[in-house]
Structures are given as C-alpha cells and as structure tokens.
Amino acid sequence: MGIDRTNILHIDFSLRSGSHSRQLSAAVVKKLLEVAPGASISRRDFGNCPYAARYARLRDGTVNSGYVGGPPEGRAEAFRSAYSRSRAADVIVIGTPMNNFSVLSVFKAWIDHIPRVGQAAHKETLRYGAYG
Numbered sequence: 001m002g003i004d005r006t007n008i009l010h011i012d013f014s015l016r017s018g019s020h021s022r023q024l025s026a027a028v029v030k031k032l033l034e035v036a037p038g039a040s041i042s043r044r045d046f047g048n049c050p051y052a053a054r055y056a057r058l059r060d061g062t063v064n065s066g067y068v069g070g071p072p073e074g075r076a077e078a079f080r081s082a083y084s085r086s087r088a089a090d091v092i093v094i095g096t097p098m099n100n101f102s103v104l105s106v107f108k109a110w111i112d113h114i115p116r117v118g119q120a121a122h123k124e125t126l127r128y129g130a131y132g
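Here it is, written out as structure tokens:
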C-alpha cells in the first residue's frame, strides 16, 4: 500500500472542544497529511456523545457484541463499527486527556472492545529509550 493510500483513524475522547489533547491529536493528523496528502481520514469523537448514552451502549451492547453467541438484537452495531474502523486503519491517532495519571474509562472500554473471538491479532512492538 502506498503512503498516499494511508487510512487514518482519528479518535478524540475529551469532553472539551478546545482541550490540549484535541489540539495535539489534530496537529499529529495535520503532520500525517503533509507526509501523505492523499490519505483518507475516518473521524470518531467520543467526547461529543452524551455520557449516559455512551455508557448504555457500553453496558448493553458489548457483552455479546462479537463474542461467541452473537450480539443482542440491535445493540452491538457501534462496536462492530469500532472494530471494522480499527481494522481498516493503517494509523490510529488518539487524543485523550489524562486524569489522575490515567486515561478516561471510555477510552479503556474502547480498547477492550476491539479484540474479537476468531479474529487475528497483530502485535506492534514499542521501543522505549532511556527516558521512557
């Protein structure tokens, strides 16, 4: 796949529209587009969903959303979409705030729902230097 055909998944989790994490993730995407001007961007903004609706989808739609037994009727489409978007992406840019030295629980939940039974996983290795 050529660099101009790169698929970028840009996800923001901050509830604040002008947050530092949103600014930083937008700057990363802008820089990626300078390197690959023909890249396509898929955007997901968890910060603009009402929390109650987001929590209900997490609670009701995930237990069987891609696991053995199948999804509850009409409840797992959001997670199938998250899975397919993440699989199609060559690059995932995530903007999430840190609160009390941790990331938001909705970000953790999103990560938890990407792996699926019967689907191959791909491991990328991160290498850290002397300072982390």
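So for the sequence shown, full-length UniProt numbering puts the first residue at 1; every next one is plus one. Quick reminder that beta carbons are idealized off the backbone N, C-alpha and C, glycines included. Keep in mind that this is a model prediction, so the values were computed, not measured.
Please name the residue in the options whose C-alpha comes closest to that of residue i.
i: L32; options: H20, S21, F13 and L9; result: L9
Looking only at its chain, what residues have a beta carbon closer than 6 Å to the beta carbon of residue i, apart from the 5 residues adjacent to it on each side?
i: L15; result: G47
i: F107; result: F13 and T96
At the level of alpha carbons, what is the spacing between residue i and residue j?
i: A36; j: T6; result: 7 Å
i: D112; j: S86; result: 12 Å
i: N64; j: R80; result: Residue placement at N64 is flagged as unreliable, the pLDDT there being 48, under the threshold of 50; a coordinate-derived value is accordingly withheld.
i: A89; j: Q23; result: 21 Å
i: V103; j: V91; result: 20 Å
i: N99; j: A39; result: 32 Å
i: A26; j: R43; result: 11 Å
i: V28; j: A109; result: 23 Å
i: S105; j: E34; result: 32 Å
i: S84; j: D45; result: 16 Å
Using the DSSP secondary-structure output, state which residues sit across from residue i in a beta bridge.
i: G95; result: D12
i: R44; result: I11
For chain C, find out if any of its Cβ atoms is closer than 7 Å to the Cβ of residue i; answer yes or no.
i: S40; result: The structure shown contains no chain C; it holds only a single protein chain.
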